[in-house]
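Here this note's numbering is used: position 199 in the sequence shown is 203, and no number is missing along the way.
Report on one structure; see the data block that follows.
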Amino acid sequence: MRGIVIFNPGDDVTQDLKWLSERFRYRVLGIPPSLIDKISKVMRPLVPLAYPHKDLIDFIKFVSQALNIDHEVAEAICLASCYVSPILALGSKAQTSLKSIAITEVPTKIEMNLQSWKLHLRIADYSILDLYEWSTSHAERIWEHEVNVESMIAERLKAIEKDKKRYWRLERGSLEPRTFLVYLDLIQALWRKTVNPKVLSKYDKDLASACLAINVAAFIKPS
């Protein structure tokens, strides 16, 4: 899967969807359940996604309320983790919402031609794949009786800062920096909102930890 598409229904992303579909026609683009009926015609490479488990509904609701983000955004973050796939954010509203809970961002100073988009979205895939197993296993510490949350946060932030180095090519330009992608981590995002991540332990460990991978969201802005 190339990525999971997220947008705010209030934004007109028709052209952005067309751009993605035409240029990545051989890779699946996942559409979360809450957005399926917001697209006039869902056909490949656009593919409707399903919740891996019905209990995910309550977990997504908690994330949305705790972080004060739209349901569509919380849903995309959780599904992206479950499907081990990056988020492809279309439109200013979804991008602004994601940025509000981002841990850090990767700017680009270069002109993003099609070759650059394909290269760096492929690199985003590597970010997800390489961070997934470690970050979800690491998240399971929340269910331990005694856990040092501050230490967990520091370790996860260190992993993100190390991964950011993959995108060094985007610094080799002279354009005004703009956001290419942001790193997302529900554990750190909750902590920054003064919500102790231990509250997650009320949910089933296997279900919740599958949603707690460190992930990335690429901000799609076709030239």
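We put the CB at the ideal spot given by N, CA and C, even for glycine.
Suppose the cutoff is 8 Å on Cβ atoms and the five residues either side in sequence are ignored; what does the same chain contact list for S101 look like? Counting only Cβ-Cβ distances below 8 Å, and skipping sequence neighbours, we find N12, I73, D74, V77.
Could you tell me which residues DSSP pairs with A222 in its beta bridges? DSSP, once it has assigned bridges, lists L92, L185 as partnering A222.
If we count the other Cβ atoms within 10 Å of its Cβ and call it buried at 16 or more, is Y130 buried or exposed? Per the 10 Å Cβ criterion, exposed.
Note the first and the last residue of the continuous alpha helix (DSSP H) segment covering L50. Membership of L50 in any alpha helix (DSSP H) is not indicated; the residue belongs instead to the beta strand (DSSP E) covering 50-52.
With distance defined between alpha-carbon atoms, name the residue in I132, L71, I10, A128 nearest to R196. Checking every option, the nearest Cα to that of R196 belongs to L71.
Report the residue ranges of all alpha helix (DSSP H) runs contained in full by the stretch 161-219; include only those spanning at least 4 residues, in chain order. Here the runs fully enclosed are 190-196, 209-213.
According to DSSP, is E137 part of a helix, a strand, or is it coil? DSSP, read as helix, strand or coil, puts E137 in helix.
Helix or strand or just coil, what does DSSP make of E26? DSSP places E26 in helix when its eight states are reduced to three.
Go ahead and pull the three-state DSSP assignment for P111. Strand at P111.
Have a look at the DSSP bridge pairing and note the partners of L118. By DSSP's assignment, L118 forms no beta bridge with any residue.
Which of the three DSSP states, helix, strand or coil, is assigned to V153? DSSP places V153 in the helix class (H, G or I) of the three-state scheme.
Reduced DSSP secondary structure (H/G/I, E/B, other) of L73: Here the sequence assigns Ile to residue 73, which means Leu is not the residue at that position. I73: coil per DSSP, three-state reduction.
In terms of residues, what are the limits of the beta strand (DSSP E) holding G14? For G14, no beta strand (DSSP E) encloses it, and the DSSP letter there is neither H nor E.
With DSSP collapsed to three states, give me the class of I10. Residue state, collapsed to three classes: strand.
Which residues share a DSSP beta bridge with I35? In DSSP, I35 forms a bridge with P52.
Looking only at C-alpha atoms, which of R170, F28, K169, H142 sits nearest to A158? Out of R170, F28, K169, H142, H142 has the C-alpha closest to the C-alpha of A158.
Cβ neighbours of D2 in the same chain (closer than 7 Å, five flanking residues each side left out): Past the edges of the chain, shown from 5 to 227, lies residue 2, and the structure says nothing about it.
Through-space distance from M116 to R176, alpha-carbon basis: About 12 Å.
Consult DSSP for E79 and reduce its assignment to one of helix, strand or coil. Here E79 sits in helix by DSSP.
Whether A98 touches I35 by CB criterion (8 Å): Result no, Cβ atoms of A98 and I35 do not sit closer than 8 Å.
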